[in-house]
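See below for the structure under consideration.
2 protein chains.
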Amino acid sequence: MGAALKKTDRLFNALGDPTRRAIVEKLSRGPSTVSKLAAPLEITITAVRQHLDVLEACGLVRTQKVGRVRTCSFETKGLAVLEHWIGEQRSMWEQALDRLGDILE
Amino acid sequence: MGAALKKTDRLFNALGDPTRRAIVEKLSRGPSTVSKLAAPLEITITAVRQHLDVLEACGLVRTQKVGRVRTCSFETKGLAVLEHWIGEQRSMWEQALDRLGDILE
DNA sequence: CTTATAGTGAAGTAACAGCTTCACTATCAG
DNA sequence: CTGATAGTGAAGCTGTTACTTCACTATAAG
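Going line by line, the protein sequences match chains S and R. So in the numbering used here, spot 33 of the first sequence is number 33, and the numbers just go up one at a time. So in the numbering used here, spot 65 of the second sequence is number 170, and the numbers just go up one at a time.
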């Protein structure tokens, strides 16, 4: 469970950066390349590369280099982990409300 | 939509910090106070207060001061925004896959 | 072969985020 | 009243992080 926590850690941290979320949003609309991602963001391709490292490490993006072009695509796996965490908190909260209800009766 | 984006921004940023996520997880199990939150985290109550500011600003936590004690509780509203964002990306990705399928036919 | 394109890697900078300390206020208990 | 408890606010320290520059490699095109 310690490793799982670390994964959630990296995931939320990755999406905490607005530039990185912009990249994810772009890629969810379809694959792209490093320089095509950089253009609208107005940052260097080096910076984009660094962001891609982070996104790849937590399962939000998958990349593949063919020739001299690296193609980046969206990866659904990361979102599943996110949804799981949200579900956990929700159900814990429901249980807490139930206990409160029992006490009030 | 600009304002909505800013909200999502603050939300992910808030949950990007492990300490803040620990606070949210704790509160989803039931309400607590500032100093009770600080104890297991081994940080000062001042630090916890600062985290609570962030969490309150993005609708993940609600707090209320009675006498000299501030009681903090979990707020479901924030999670809804999160889920909405995840859903958006998922559906965009589905559509992208559909377009790809059409092309391949 | 020459030149342009796409990306990589290392190193540095500037800003920010998380945390602390300390001095302080407000509330409750004996 | 006295002392302890719970929290607040300002200011400063420190490590992290997002970003840049520059020198470089590898592929593609003329």
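Cβ coordinates follow ideal geometry from the N, Cα and C atoms, glycine included. Remember, it's a predicted structure, so these values are computed and weren't measured experimentally.
Roughly how far, in whole angstroms, is the beta-carbon of residue i from the beta-carbon of residue j, given that I think they are within contact range, below 8 Å?
| i | j | result |
| --- | --- | --- |
| G135 (chain R) | G164 (chain R) | Incorrect: roughly 19 Å between the Cβ atoms, too far for contact. |
| A178 (chain R) | L132 (chain R) | Note that residue 178 (chain R) corresponds to Ser in the displayed sequence, not to Ala. 6 Å between Cβ atoms; contact. |
| T181 (chain R) | W93 (chain S) | 7 Å |
| V166 (chain R) | L116 (chain R) | Not confirmed; about 12 Å, so no contact. |
Based on Cα-Cα distance, which residue from the options lies nearest to residue i?
| i | options | result |
| --- | --- | --- |
| P36 (chain S) | S:W85, S:R70 and S:V54 | According to the sequence displayed, residue 36 (chain S) carries Lys and not Pro. With distances taken between Cα atoms, K36 (chain S) lies closest to S:R70. |
| V139 (chain R) | R:S133, R:P123, R:H156 and R:E130 | R:H156 |
| K6 (chain S) | R:E188, R:P123 and R:L187 | R:P123 |
| L41 (chain S) | S:R20, S:D53 and S:L55 | S:R20 |
| A127 (chain R) | S:G87, S:D9 and S:T63 | S:D9 |
| V129 (chain R) | S:R90, S:Q95, S:D98 and S:G101 | S:R90 |
| E161 (chain R) | R:V171, R:L120 and R:G172 | R:L120 |
| V171 (chain R) | R:V159, R:D207, R:N118 and R:S137 | R:S137 |
| N13 (chain S) | S:V54, S:D98 and S:E88 | S:V54 |
Go ahead and pull the three-state DSSP assignment for residue i.
| i | result |
| --- | --- |
| R10 (chain S) | helix |
| T63 (chain S) | strand |
| G121 (chain R) | helix |
| G2 (chain S) | Because the pLDDT of G2 (chain S) is 49, which lies under 50, any placement of that residue in the model is unreliable, and the number read from its coordinates should be weighed accordingly. Residue state, collapsed to three classes: helix. |
Return the first residue and the last residue of the alpha helix (DSSP H) that residue i is part of.
| i | result |
| --- | --- |
| R175 (chain R) | First-last for R175 (chain R): V174 to F179, but that is the beta strand (DSSP E), not the alpha helix (DSSP H). |
| E199 (chain R) | K182 to L209 |
| I148 (chain R) | Premise fails: I148 (chain R) is in no alpha helix (DSSP H) and is neither H nor E. |
So who's on the other strand from residue i, going by DSSP bridges?
| i | result |
| --- | --- |
| S32 (chain S) | S:C72 |
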